[in-house]
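Have a look at the structure below, then the notes.
Numbering (the numbering used here), first residue to last: 1099 to 1260.
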């Protein structure tokens, strides 16, 4: 399906709706800091990217939505912590991202932008989110994973390489 300006304009509203819906849901549970997960922030950046027709930002957002949705699915299986708003944000966000990527195509070095953005958000989370929630692996390796990843540096490097 070829996306034109009207389609992109309509499409751009969805990531914003996903972001706001999940933010309101988490705020009502006094867990608003969870909106800083890279996959949720990427819905917001995808919204901005589509509005501005910024291919570079679309690609970066898509990378984190894809990676984030994979980790979310694993987390869902392991912890069985399901929420409708999170499900919509992940499935909807990655769907919009894939449609947008179909239009702008990936390039060779998109991972650099995504890595720098991921590192920035992770460090932000280190300073402003509760340690016990460990948003974006900002504070420590998850229990059980410490046998595989000896340090947050190794974990961060692997995530950035994905």
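Every residue gets a Cβ at the ideal spot worked out from N, C-alpha and C, and that includes glycine.
Report yes if the C-beta distance between residue i and residue j is below 8 angstroms; otherwise report no.
{"i": "residue 1167", "j": "residue 1188", "result": "yes"}
{"i": "residue 1171", "j": "residue 1159", "result": "no"}
{"i": "residue 1116", "j": "residue 1141", "result": "yes"}
{"i": "residue 1239", "j": "residue 1134", "result": "no"}
{"i": "residue 1191", "j": "residue 1136", "result": "no"}
{"i": "residue 1236", "j": "residue 1162", "result": "no"}
Given that a residue counts as buried once 16 or more other Cβ atoms are within 10 Å of its Cβ, and exposed if not, what is residue i?
{"i": "residue 1216", "result": "buried"}
{"i": "residue 1336", "result": "Here the chain comprises residues numbered 1099 to 1260, so residue 1336 is not present and cannot be evaluated."}
{"i": "residue 1196", "result": "exposed"}
{"i": "residue 1175", "result": "exposed"}
{"i": "residue 1165", "result": "buried"}
Please state whether DSSP places residue i in a helix, a strand or coil.
{"i": "residue 1263", "result": "Beyond the ends of the chain as shown, which are 1099 and 1260, falls residue 1263; an answer cannot be given."}
{"i": "residue 1154", "result": "helix"}
{"i": "residue 1110", "result": "helix"}
{"i": "residue 1193", "result": "helix"}
{"i": "residue 1168", "result": "helix"}
{"i": "residue 1230", "result": "helix"}
{"i": "residue 1173", "result": "helix"}
{"i": "residue 1159", "result": "helix"}
{"i": "residue 1125", "result": "helix"}
{"i": "residue 1139", "result": "helix"}
{"i": "residue 1262", "result": "A query on residue 1262 cannot be resolved here, the shown segment of the chain reaching from 1099 to 1260 and no further."}
{"i": "residue 1180", "result": "coil"}
Can you give the Cα-Cα distance for residue i and residue j, rounded to whole angstroms?
{"i": "residue 1184", "j": "residue 1121", "result": "9 angstroms"}
{"i": "residue 1179", "j": "residue 1119", "result": "17 angstroms"}
{"i": "residue 1186", "j": "residue 1132", "result": "15 angstroms"}
{"i": "residue 1194", "j": "residue 1214", "result": "22 angstroms"}
{"i": "residue 1198", "j": "residue 1124", "result": "27 angstroms"}
{"i": "residue 1210", "j": "residue 1204", "result": "12 angstroms"}
{"i": "residue 1111", "j": "residue 1157", "result": "17 angstroms"}
{"i": "residue 1152", "j": "residue 1201", "result": "11 angstroms"}
{"i": "residue 1234", "j": "residue 1108", "result": "30 angstroms"}
{"i": "residue 1128", "j": "residue 1228", "result": "12 angstroms"}
{"i": "residue 1113", "j": "residue 1130", "result": "17 angstroms"}
{"i": "residue 1099", "j": "residue 1208", "result": "In this predicted model, residue 1099 has a pLDDT of only 45, less than 50, meaning its place in the structure is not dependable enough to derive any value."}
{"i": "residue 1126", "j": "residue 1241", "result": "28 angstroms"}
{"i": "residue 1224", "j": "residue 1231", "result": "11 angstroms"}
{"i": "residue 1154", "j": "residue 1181", "result": "30 angstroms"}
Taking 7 angstroms as the line, does the beta carbon of residue i fall inside it for any heavy atom of the ligand FAD?
{"i": "residue 1188", "result": "Here there are no bound small molecules, and the ligand FAD is not part of this structure."}
Start and end of the alpha helix (DSSP H) containing residue i?
{"i": "residue 1135", "result": "Element bounds for residue 1135: n/a, residue is neither H nor E."}
{"i": "residue 1212", "result": "1208-1226"}
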